[in-house]
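A short worksheet on the structure shown next.
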Amino acid sequence: MGSPFSCRLDSNTGWPLIGKNGAIVIDECSNPKSGEHSVGFKRQYCGNLGKVENCQVGVYNRYVITQFFKPDSYF
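Mapping of the sequence shown onto my numbering: residues 25 to 99, in sequence order.
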């Protein structure tokens, strides 16, 4: 039986973003900032505040595996 998820390919490399054992997750995070001396500082939509405000936005990617990790002390 196939995966219920569709396999998306990266538009630049053609590599799959979802593999047999995991997936690449891409997410943005915005942080409110005050002052004018921060890199990337601009008045833009800030998801943490839910409105347009002075903030920095970062884009993060990570590889997530499908195996559940449970430390011994968890149970």
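For glycine and all other residues, C-beta sits at the position ideal for the given N, C-alpha and C.
Please state the DSSP three-state secondary structure of residue i.
i: Ser54; result: strand
Which whole-angstrom value describes the C-beta separation of residue i and residue j, a residue pair presumed to lie in contact below a C-beta threshold of 8 Å?
i: Asn78; j: Arg86; result: So it is not a contact: roughly 27 Å between Cβ atoms.
i: Val83; j: Glu52; result: 5 Å
At what residues does the beta strand (DSSP E) containing residue i begin and finish?
i: Ile89; result: 75-89
i: Tyr69; result: 66-70
Taking C-beta to C-beta, are residue i and residue j nearer than 7 Å?
i: Gly71; j: Ser58; result: no
I'd like the list of long-range same chain contacts for residue i, defined as Cβ closer than 6 Å, with 5 residues on each side in sequence excluded.
i: Gly64; result: Gln80
Enumerate in chain order the residues of its own chain whose CB-to-CB distance from residue i is below 7 Å, with the five nearest sequence positions on each side excluded.
i: Leu73; result: Pro56
Give every residue of the same chain whose Cβ lies closer than 8 Å to the Cβ of residue i, excluding the five residues on either side of it in the sequence, and list them in chain order.
i: Gln91; result: Asn45
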